[in-house]
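In UniProt numbering, the protein residues as written are 1 to 142.
Each residue gets a CB set at the ideal place from its N, CA and C atoms; glycine is no exception.
Computed from a predicted structure; not experimentally measured.
Each remark here refers to the structure printed beneath this line.
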Ligand SMILES: CC(C)(COP(=O)(O)OP(=O)(O)OC[C@H]1O[C@@H](n2cnc3c(N)ncnc32)[C@H](O)[C@@H]1OP(=O)(O)O)[C@@H](O)C(=O)NCCC(=O)NCCS
């Protein structure tokens with residue numbers, strides 16, 4: 001939460017009172033930490049079972065090191081594990097991207113759906129990626 005407040009509230013000026021929401025208690029949170037200090041430097045959140053990627057952020061001094069990319073990849077892995085326990089063949093992960101980071105999500109396979117819309121006073125774009133849960137399993141084993 002400290003990282004989220006530093007990035008979304010202090011840096012990007014989103015409201016503090018909506019930073020924590022009803023999903024925090026039930027979502028999956030991944031925390032990226034430096035070693036050996038274990039200082040937290042990034043985070044991402046997955047809401048299940050609707051598979052929504054939210055609250056992705058990396059502290060400014062650690063950006064452009066592929067760490068955001070790493071967080072997205074790890075979230076995808078987690079979502080696929082979760083989907084396996086639900087016997088799903090594929091899942092679609094959705095995110096509401098801020099406009100300046102659309103290109104970042106596109107690199108991970110996300111595509112736009114629909115028009116831009118306002119969320120918390122800033123323009124966003126719904127983006128989706130579909131992931132195969134187990135590409136090595138034959139169709140008859142599914
Ligand atoms: C979005 C964010 C998490 C990206 O983290 P990052 O660690 O800097 O990103 P990465 O280094 O993994 O970037 C992976 C690739 O995407 C590119 N990229 C990163 N941010 C980008 C941006 N804003 N626009 C376009 N491309 C971007 C990088 O250049 C990199 O490509 P390269 O390897 O060819 O150079 C980070 O910028 C951040 O915390 N921003 C503020 C919070 C935010 O906006 N979160 C998203 C909410 S929707």
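inquiry  = Is residue 132 a contact residue of ligand 1, with contact defined as CB to any heavy atom under 7 Å?
reply    = Here residue 132 is taken as the residue at index 132 of the chain shown, counted from 1. Checking the 7 Å criterion, the Cβ of residue 132 is out of range of every heavy atom belonging to ligand 1.
message = Mapping the DSSP letters down to three states, classify residue 56 as helix, strand or coil.
response = For this step, residue 56 is matched to residue 56 along the chain shown. Residue 56 sits in a strand when the DSSP states are folded into three classes.
query = Taking all protein chains shown into account, do 16 or more other C-beta atoms lie within 10 angstroms of the C-beta of residue 103, making it buried, or fewer, making it exposed?
reply = Counted from its first residue, the chain shown places residue 103 at position 103. Burial call: exposed.
message = Let's test the definition: count the other Cβ atoms within 10 Å of the Cβ of residue 79 and tell me whether it reaches 16, buried, or not, exposed.
response = Locating residue 79 in the chain shown gives position 79, where the first residue counts as 1. By the neighbour-count definition (other C-beta atoms within 10 Å, threshold 16), residue 79 is a buried residue.
query = Rounded to whole angstroms, how far is the Cβ of residue 76 from the Cβ of residue 98, which I believe are closer than 8 Å?
reply = The residue given as residue 76 occupies position 76 in the chain shown. The residue given as residue 98 occupies position 98 in the chain shown. Contact annotation, residue 76 with residue 98: C-beta distance approximately 20 Å; criterion of less than 8 Å not satisfied.
task = Starting from the N-terminal end, write out each residue whose C-beta falls within a distance shorter than 6 Å of any non-hydrogen atom of ligand 1.
result = Ordered by chain, the residues meeting the criterion of a beta-carbon within less than 6 Å of a non-hydrogen atom of ligand 1 are 7, 56, 57, 58, 63, 64, 65, 66, 67, 68, 69, 97, 98, 100, 101, 103, 104, 107.
message = Strictly by DSSP, which residues pair up with residue 48?
response = Mapped onto the chain shown, residue 48 falls at position 48. Its beta-bridge partners do not exist; DSSP assigns none.
request  = Starting from the Cα of residue 131, find the closest Cα among 24, 108, 35 and give me that residue.
outcome  = Taking the first residue of the chain shown as 1, we reach residue 131 at position 131. Checked all of 24, 108, 35; the closest Cα to residue 131 is 108.
request  = Evaluate contact between the region 30 to 41 and the region 80 to 90, counting only Cβ atoms and requiring at least three cross-stretch pairs below 8 Å.
outcome  = Because the criterion of three Cβ pairs below 8 Å is not met, the region 30 to 41 and the region 80 to 90 do not touch.
request  = Please specify which runs of the beta strand (DSSP E), each continuous and at least 3 residues long, are wholly inside the region 57 to 102, giving them in chain order.
outcome  = Qualifying beta strand (DSSP E) stretches, in chain order: 90 to 98.
query = Which class does residue 134 belong to by DSSP, given the choice of helix, strand or coil?
reply = By one-based count along the chain shown, residue 134 stands at place 134. In the three-state scheme derived from DSSP, where H, G and I count as helix and E and B as strand, residue 134 is classed as coil.
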